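Asker: Residue numbers (numbering that gives the first Met the number 0): 0 to 872.
Idealized CB from N, CA, C, for every residue including glycine.
Small disclaimer: the values here were computed from a predicted structure and weren't measured.
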Amino acid sequence: MTPSDPNGRQVPDPTAANSSAGTAPSATVDRTTADRAAADRAGSALPEADEATRLVGAPEAARRDGAGDPAGPAEASAAPGGAASAAARGAAEPRRSRFGFLELDAWIDTSIWRAGRGIVESYERFSIFMRRFTVTGWRRGLVELLDDAATFGVAGTVLMLALALPAFEETKKDWRKEVDYSVTFQDRYGNPIGKRGILQNDSVPLQDIPDHMIKSLLATEDRRFFDHFGIDIIGTARAVVENLRHRGVTQGGSSLTQQLAKNLFLTNERSLERKIKEAFLALWLESNLTKREILKLYLDRAYMGGGTFGVAAASEFYFGKSVRDINLSEAAMLAGLFKAPTKYAPHVNLPNARARANEVLTNLVQAGFYTEGQVLAARRNPAKPVDRKRDYTPDYFLDYAFSKIDELDLPVHTLTVKSTIDIGLQKKAEEVVEGQLREVGQELNISQAAVVIMEPDGAVRAIVGGRDYGSSQFNRATDAKRQPGSSFKPYVYLSALVYGNYNPRSVVSDQPVCIGEWCPKNYGGRYSGRVNLTDAIARSLNSIPVQLAQQIGRERVAKFAQMFGLPLPDKPDWPFVIGAVEVRVIDQAVGYAAFANGGYKVEAMPIEQVLNGAGEVIWDRKKNGPAPKRIVAEDKVQQINQMMNAGVERGTGTRARLEGIPAAGKTGTTQSSRDAWFCGFTGNMVGVVWVGNDDYRPMEKVTGGVVPAPIWHDIMEYAHASIELKQGPGMPPPSRKADQGASVAAAGQGKPGLTEVAGGAERPKTLTTRAVGVLSEIEGLMRQASPAAVSPGSGQPGTGQPGTGQPGFGAAPGRQGALTPLDTRPGAPLRPVAGANEKAAAVRPVRAGIGRLTYVAGDAVRRGVETLVVAVR
């Protein structure tokens with residue numbers, strides 16, 4: 000049997016070794032002892048041997064071990080059981096990792112197995128525990144239903160909360176504050192011309208609103224308002240049943256609180272998301288407000304038709320009385336408006352409104368609030384709203400002015416706005432447009448027109464946004480984008496004057512020109528050869544501005560036009576140089592205003608002043624409006640104006656020529672006559688006229704000089720009547736006197752293109768700047784004058800007699816009694832009327848040429864009146 004060492008390795012038998020080698024026993028014992036020692040060393044130093052093997056290789060390690068043996072290499076190699084063979088066997092065995100990766104792997108595997116085993120055992124224990132709750136039969140079905148209901152309920156609650164979060168964000172703002180404007184507009188002379196925005200009156204407390212008004216509301220909209228928590232479950236279920244019965248929406252299930260939530264925070268969009276938000280916001284309102292507060296808010300914020308919000312404003316609008324004074328029939332008619340204010344508004348459809356009011360009276364009986372006998376009188380005597388016949392209002396102008404109010408972002412929302420409109424000029428512009436379209440519209444296939452008239456400083460005097468506001472509220476003057484055609488060319492010519500070495504007499508060859516595949520042609524297809532720039536713009540040649548833009552650069556031309564207010568891209572396509580780009584009529588008016596004022600960029604502004612509820616001016620155009628900005632030198636503007644003046648005098652715009660008033664302008668016509676323009680100006684006014692069709696149908700060979708130019712002429716004849724004429728930059732001075740305007744307008748009936756409405760039109764005389772200043776001084780004196788008390792013992796005002804209730808006017812200095820009347824007959828001197836009773840009260844009107852009455856209050860302002868009359872005359 001082969002012996003082994005303590006490490007389990009086999010070692011040579013010493014007896015066999017001794018017998019084969021023939022050596023002495025002592026030597027054998029020594030070698031055996033040395034071999035065992037070497038083997039022990041090799042076993043104890045296994046890691047070191049492994050490291051040596053990795054670094055220098057197993058053979059080198061074996062040699063190193065052999066060299067260190069005291070017996071020498073020869074003996075180590077000769078002894079099969081020696082130290083060299085032991086070291087070699089130790090190096091050849093598998094190496095052990097110092098970090099114990101095998102142990103780590105085993106630990107991970109064991110841990111995973113134990114965890115899995117633990118989960119399985121836990122599940123088995125849980126299953127064994129839950130078996131005691133096992134139900135069978137009908138109980139199992141009930142449990143399954145309850146489980147599903149709980150699951151879907153939790154999921155639905157989470158979903159609804161997620162949908163309601165955006166609605167709750169709305170409550171963070173100041174929702175009690177009004178965000179809509181209520182604006183009363185006046186013309187430039189202070190006369191009211193219309194209203195825009197909301198009409199609201201929330202000054203009536205809840206206790207002053209009649210009981211029958213509140214009961215009519217509750218009986219119709221929410222009979223259980225004081226009983227539910229914001230959502231009427233019974234009412235909602237009833238509405239669902241009724242709607243299913245009638246296979247349509249016949250009843251609404253929203254409570255009054257839900258309707259208020261929609262009015263305050265949401266829109267009228269019909270969607271499930273909105274209904275969920277509405278329900279949550281109703282709960283929020285119920286938790287933050289009392290029932291009376293909710294009811295008051297609803298009565299003040301609900302839309303009632305006719306632009307009114309709340310029952311107080313609606314009562315004033317429909318019945319001309321305070322809500323405190325309405326009777327049962329009127330309250331029923333108002334309560335019927337909550338469902339569909341536009342459909343049941345009495346000024347729109349009175350029979351519908353009365354039928355709806357009758358339904359409200361029936362609801363009062365069904366709700367138990369009144370008996371049939373109590374409502375019988377209201378049924379027999381229905382409410383009679385005031386006659387709201389439509390008065391004249393410049394609706395297109397008011398829409399544009401109201402949009403500008405919104406842009407100003409004023410802190411006050413109830414405003415009085417003194418606009419820039421000249422109401423006479425506005426009416427004239429509408430009459431001229433309608434007259435021209437009636438005369439030639441059907442023949443030439445023209446259905447619409449738009450006009451903007453403004454002063455060179457940007458003050459808008461008239462806007463015609465279409466033929467009929469009642470049939471179309473779309474404002475073609477301020478919102479429609481159409482191609483301007485050749486009316487865009489002045490910007491190209493002016494850029495050539497500014498950036499190129501050109502002047503109005505510079506000669507350019509009118510010849511065919513192509514840029515890529517685009518080859519613009521002149522109207523008629525003919526070319527004129529060498530022409531100067533003035534003749535080129537007067538004859539509206541197309542090749543000349545294209546050549547100019549090629550030399551200057553289209554990007555520079557586009558940027559130059561942008562300076563005038565035209566919304567162009569930085570690098571438009573080449574056809575834009577002859578007007579193949581979309582602009583608005585108001586944009587062209589702003590651009591041409593820079594020609595009329597000598598090179599200043601202005602902003603179109605329809606608002607002169609804005610006043611708050613106390614009559615204080617909170618915005619003024621001259622103080623708060625944008626200041627004019629020079630964009631081009633005046634000498635260059637004078638040159639382009641000379642060129643455009645030639646276009647009116649002898650070019651394509653001759654039908655716009657005004658007798659005795661130099662004018663400049665440019666016609667414009669787009670491809671297939673889809674748009675026709677005339678843009679022109681004088682020293683006083685800028686006017687832009689467009690005609691065409693909303694659906695872009697071509698007109699019958701209509702150009703800018705055929706229809707738009709005569710419209711411009713007729714409007715401008717009226718606009719320049721009886722005003723101080725100004726000379727435009729670069730144009731000849733006017734040769735017509737101010738008082739010749741009426742005779743020229745009357746003589747215009749025989750001119751081509753003039754309609755009958757232009758004939759005989761005489762513009763009302765307006766006050767001069769001096770007269771306006773005198774009026775302001777008079778107003779200040781009247782405000783400073785203190786009224787005198789009524790003298791005791793007399794019924795005459797100013798004599799001090801009590802008991803009459805008449806106000807006293809005060810006595811003139813040095814006189815007894817009241818004021819002395821003035822003789823205001825035409826041509827009469829300013830002296831007291833002979834034989835007038837000086838003790839009689841006198842508040843005499845003085846007509847100042849425009850039909851407005853200025854009341855004179857005595858000798859304290861007599862000198863101002865004399866100056867005023869002289870200034871007017």
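Going by the beta-carbon positions, is the gap between I660 and P707 smaller than 8 angstroms?
Answerer: As a position in the sequence shown, residue 660 is number 661, starting the count at 1. As a position in the sequence shown, residue 707 is number 708, starting the count at 1. Note that the C-beta distance between I660 and P707 is not below 8 angstroms.
Asker: Just verifying my parser: in three-state terms, what is the DSSP assignment at A626?
Answerer: Here residue 626 refers to the residue found at position 627 when the sequence shown is read from its first residue. Looking at A626 - three-state DSSP - the assignment turns out to be coil, as it is neither helix nor strand.
Asker: Taking only the alpha-carbon atoms, compute the straight-line gap between A592 and V690 and give it to the nearest angstrom.
Answerer: Locating residue 592 in the sequence shown gives position 593, where the first residue counts as 1. Locating residue 690 in the sequence shown gives position 691, where the first residue counts as 1. Cα to Cα, the separation comes out at about 20 angstroms.
Asker: What does the alpha-carbon distance come out to for the pair S508 and S527?
Answerer: Counting from one through the sequence shown, the residue named residue 508 turns up at place 509. Counting from one through the sequence shown, the residue named residue 527 turns up at place 528. Going by the C-alpha atoms only, they are around 8 angstroms apart.
Asker: Check I551 in the structure and name its three-state DSSP category.
Answerer: Working through the sequence shown from its first residue, we reach residue 551 at position 552. In this structure, I551 counts as helix in the three-state DSSP scheme.
Asker: What would DSSP say about I325, mapped onto helix, strand or coil?
Answerer: For the purposes of this step, residue 325 is identified with residue 326 of the sequence shown, where counting begins at 1. Looking at I325 - three-state DSSP - the assignment turns out to be coil, as it is neither helix nor strand.
Asker: For a test of the three-state rule: what should DSSP assign to T702, helix, strand or coil?
Answerer: Position 703 of the sequence shown, counted from the start, is the residue given in the question as residue 702. The answer is coil: DSSP assigns T702 none of H, G, I, E or B.
Asker: Thinking just about the alpha-carbon of each residue, which of W573, V530, V497, R525 is nearest to the one in E516?
Answerer: Residue mapping note: residue 516 aligns to position 517 of the sequence shown, counting from 1. Of the listed residues, the one whose Cα sits closest to E516 is W573.
Asker: Would you kindly check if the distance between the Cβ of G727 and the Cβ of F680 is under 8 angstroms?
Answerer: Numbered from its first residue, the sequence shown carries residue 680 at position 681. Numbered from its first residue, the sequence shown carries residue 727 at position 728. Yes, Cβ-Cβ distance for F680 and G727 is below 8 angstroms.
Asker: Tell me whether L493 is buried or exposed, calling it buried when 16 or more other Cβ atoms sit within 10 Å of its Cβ.
Answerer: In the sequence shown, counting from the first residue as 1, residue 493 sits at position 494. That one is buried.
Asker: Would the beta-carbon of K417 be found less than 7 angstroms away from any heavy atom of the ligand COA?
Answerer: No copy of the ligand COA occurs in the structure displayed, which carries no ligand at all.
Asker: When we look at the beta-carbon of P901 and count the other beta-carbons within 10 Å, is it buried (16 or more) or exposed?
Answerer: Any answer about residue 901 is impossible in this case: the structure gives the chain only from 0 up to 872.
Asker: Is it right to say M642 is buried, meaning 16 or more other beta carbons lie within 10 angstroms of its own, or is it exposed?
Answerer: Locating residue 642 in the sequence shown gives position 643, where the first residue counts as 1. Around the Cβ of M642, a 10 Å sphere holds 16 or more other Cβ atoms; the residue is buried.
Asker: Are the region 285-297 and the region 177-193 touching by the rule of at least three beta carbon pairs closer than 8 angstroms?
Answerer: no
Asker: Taking contact to mean 3 or more Cβ pairs, one atom from each stretch, closer than 8 angstroms, check whether the region 684-698 and the region 516-525 are in contact.
Answerer: no
Asker: Going by C-alpha to C-alpha distance, which of N348, P625, R378, L397 sits closest to P384?
Answerer: As a working mapping, residue 384 is identified with position 385 in the sequence shown. Closest option to P384, Cα to Cα, is N348.
Asker: Going by C-alpha to C-alpha distance, which of W618, E430, E102, S671 sits closest to P605?
Answerer: Mapped onto the sequence shown, residue 605 falls at position 606. P605 has its Cα closest to that of W618, out of W618, E430, E102, S671.
Asker: Which first and last residues belong to the beta strand (DSSP E) in which V576 is found?
Answerer: What you label residue 576 is simply residue 577 of the sequence shown in a count that begins at 1. First-last for V576: undefined, no H or E at that position.
Asker: Going by DSSP, name the residue or residues bridged to G667.
Answerer: Counting from one through the sequence shown, the residue named residue 667 turns up at place 668. Answer is W676, bridged to G667.
Asker: In the DSSP assignment, what residue or residues form a beta bridge with S215?
Answerer: Residue numbering aside, residue 215 sits at position 216 when the sequence shown is read from its first letter. Paired residue(s): none; S215 is not in a bridge.
Asker: Give the secondary structure of A602 by DSSP, where H, G and I count as helix, E and B as strand, and everything else as coil.
Answerer: Counted from its first residue, the sequence shown places residue 602 at position 603. The amino acid at residue 602 is misidentified as Ala; the sequence shows Glu. It is coil, neither helix nor strand.
Asker: Please state whether DSSP places Q726 in a helix, a strand or coil.
Answerer: Numbered from 1 along the sequence shown, position 727 holds the residue referred to as residue 726. If DSSP states are grouped into helix, strand and coil, Q726 belongs with coil.
Asker: What ranges does the beta strand (DSSP E) occupy inside the region 495-532, keeping only unbroken runs of at least 3 residues that lie completely in it?
Answerer: Whole beta strand (DSSP E) segments, 3+ residues: 506-509, 528-531.
Asker: Among W106, A720, V432, P625, which one has its Cα closest to the Cα of I407?
Answerer: By one-based count along the sequence shown, residue 407 stands at place 408. A quick correction: the sequence has Leu, not Ile, at residue 407. Ranking W106, A720, V432, P625 by Cα distance to L407 puts P625 first.
Asker: For the 8 angstroms Cβ check, are there 3 or more pairs between the region 349-357 and the region 329-340?
Answerer: yes
Asker: With DSSP collapsed to three states, give me the class of L198.
Answerer: Reading the sequence shown from its first residue, position 199 is the one you call residue 198. Correct three-state label for L198: strand.
Asker: Applying the criterion that 16 or more other CB atoms from any shown protein chain within 10 Å of the CB defines a buried residue, is Q206 buried or exposed?
Answerer: Sequence index remark: in the sequence shown, residue 206 carries index 207 (1-based). Answer is exposed; the Cβ neighbour count stays below 16.
Asker: What's the call for P257, buried or exposed, on a 16-neighbour Cβ count within 10 Å?
Answerer: Within the sequence shown, numbered from 1, the residue matching residue 257 stands at position 258. Checking the sequence shown, residue 257 turns out to be Gln, not Pro. So Q257 counts as buried.
Asker: Can you name, in chain order, every residue of its own chain whose Cβ lies under 6 angstroms from the Cβ of R481, other than the five neighbours on each side?
Answerer: Along the sequence shown, read from residue 1 onward, the residue named residue 481 stands at position 482. Excluding positions up to five away in sequence, the list reads D674.
Asker: Relative to the C-alpha of G616, which residue among V431, S418, E581 is closest?
Answerer: Sequence index remark: in the sequence shown, residue 616 carries index 617 (1-based). For the record, residue 616 in the displayed sequence is Val; it is not Gly. Minimum Cα distance to V616 is reached at S418.
Asker: Bridge partners of P191, per DSSP?
Answerer: Within the sequence shown, numbered from 1, the residue matching residue 191 stands at position 192. Answer is Q185.
Asker: Does the count of Cβ pairs from the region 446-456 and the region 575-595 closer than 8 angstroms reach three?
Answerer: yes
Asker: Can you list, in chain order, the residues of its chain with a C-beta nearer than 7 angstroms to that of I639? Leave out the 5 residues immediately preceding and following it.
Answerer: As a first step, residue 639 is located in the sequence shown; it is residue number 640 there, counting from the start. In its chain, beyond the 5 residues on either side, P489, Y492, L493, L496, F594 have a beta carbon closer than 7 angstroms to the beta carbon of I639.
Asker: Are there 16 or more other CB atoms within 10 angstroms of the CB of F677, so buried, or fewer, so exposed?
Answerer: Here residue 677 refers to the residue found at position 678 of the sequence shown. That one is buried.
Asker: First and last residue of the alpha helix (DSSP H) that includes M642?
Answerer: If you number the sequence shown from 1, residue 642 lands on position 643. 633-649 is the extent of the alpha helix (DSSP H) around M642.
Asker: With a threshold of 8 angstroms, are at least 3 pairs of Cβ atoms found where one atom belongs to the region 364-382 and the other to the region 314-328?
Answerer: yes
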